[in-house]
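In this text, residue positions in the sequence shown follow this note's numbering: the first is 308, and each later residue adds one.
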Amino acid sequence: MKFRIILILSVFILLACNKESKEEVKTTISKANETSGSIKSAFLKRIPSSESNLIFSNDITDNVATKENLFDYDYFFNGSGVGVGDINNDGLKDIFFAGNQVPNKLFLNKGNLTFEDISESANINVKKHWSSGVSFVDINNDGWLDIYVSQGGPRSIEERKNILLINQKDNTFKEEASTYGLDDHGISTQSAFFDYDKDGDLDCIVMNENDYYGTDPSTFYSILKDEEKLMENCSHLYRNDNGKFINITKQAGLLKPTFGLGLCVSDINNDDWLDIYIANDYYVPDAKYINNKNGTFTDAIKENTNQVSFYGMGVDIEDLNNDALQDIFVLDMA
């Protein structure tokens, strides 16, 4: 703001002053630019891994035998996720890196932007396969953050099961996804925890990709007329019933095919109830699930938008222009 004021004043002075004054004004503007530049240059500073000890690389290697390659698995190069949360309640944010082929890693924040790799001792790679998205959530409401990891990739149904790491309050974790009913075996990319029914506990949406990538639209939709196959290839909504998560995808109105690559939960229509937006890849339209306030959702993407993204990849929702209305920003590769 100071720079803008200086610049505006300078314009008026330039119109009404002599040559010497003009030189003074130029000097003032130059100094303002220098100050502005120094602020910008100091805004972010790169901390090398040699100082932070944050050492992680999501290295991937083609493997024809396991179908871990771009020809057999379209999302081979999509990358993995990262989560940030305070796992030991010391007021410092810790970091979890998900790996596709490489092990997941957990770094404990030691302060001053230095971290300790506690991946092995924390027991975070039990049942780990092709990991992707990460969510920190206090799932059992004990005041300690747990970690939910989405899994998928070109793996078997058993190996695709998501993992839930329950915090043991001593910098270690115990895998208990099946106990909680969250061992979803879709090709999961991300999840979100939110209280969609306002009963005071956290429910869960698991966003999935699809087994039938590479098929033409006609064949794709023909295959998914089979409700059992459709249930295996859609995103899943889980209701929290006293600590046990129940798959209510069909009852809630979310039984639709997905190539889910972007997920946001937000009160899109300002009615004080949380809605769901899923950005879908390929020829499947994005889904804008409006909360009906009765345990169900209605996909209002066609009614609420003039045009949707083709090959939706990522999504974020925020009030960009401060008009108290939520705006939706979708990334697209087309």
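From the three backbone atoms N, C-alpha and C, an ideal C-beta is built for every residue, glycine too.
Remember, predicted model here, so these are calculated numbers, not experimental data.
- Pairwise C-beta distances place the region 420-428 out of contact with the region 444-459, as fewer than three of them are shorter than 8 Å.
- Secondary structure note for A594: it is in no alpha helix (DSSP H), and the uninterrupted beta strand (DSSP E) holding it is 594-598.
- Here N396 is exposed. Its C-beta has fewer than 16 other C-beta atoms within 10 Å.
- If one requires a minimum length of 4 residues, the alpha helix (DSSP H) runs lying completely within the region 587-633 are 608-611, in chain order.
- Counting only runs that start and end inside the region 383-454, the beta strand (DSSP E) elements of at least 3 residues fall at 389-392, 401-404, 412-418, 421-424, 438-444.
- Under the three-state reduction of DSSP, S485 is assigned to helix.
- The criterion of a C-beta distance shorter than 8 Å is satisfied by Y589 and Y618.
- Distance from the CA atom of L377 to the CA atom of D369, rounded to whole angstroms, is 8 Å.
- Counting only the Cα atoms, D510 lies some 14 Å from L561.
- Taking a contact to require three or more Cβ pairs closer than 8 Å, the region 440-448 and the region 496-509 qualify as touching.
- In the structure shown, Q458 adopts extended strand secondary structure according to DSSP, grouped into three states.
- Taking 8 Å as the cut-off, the Cβ atoms of F566 and N587 count as close.
- About 5 Å separates the Cβ atoms of F414 and I402, confirming a contact at the 8 Å cut-off.
- Straight-line spacing of the CA atoms in L472 and D593 works out to 30 Å.
- Counting other Cβ atoms within 10 Å of its Cβ, S457 reaches 16 or more and is therefore classed as buried.
- Collapsing the DSSP output to three states places A372 in coil.
- In terms of Cα proximity to S495, the closest of L638, D533, N407 is N407.
- Between I575 and Q614, the C-beta gap is not smaller than 8 Å, which leaves the two residues out of contact.
- Short of 8 Å from the beta carbon of D366, and not among the five residues preceding or following it, lie these beta carbons of its own chain, in chain order: Q408, V409.
- For K551, the secondary structure class from DSSP, reduced to helix, strand or coil, is strand.
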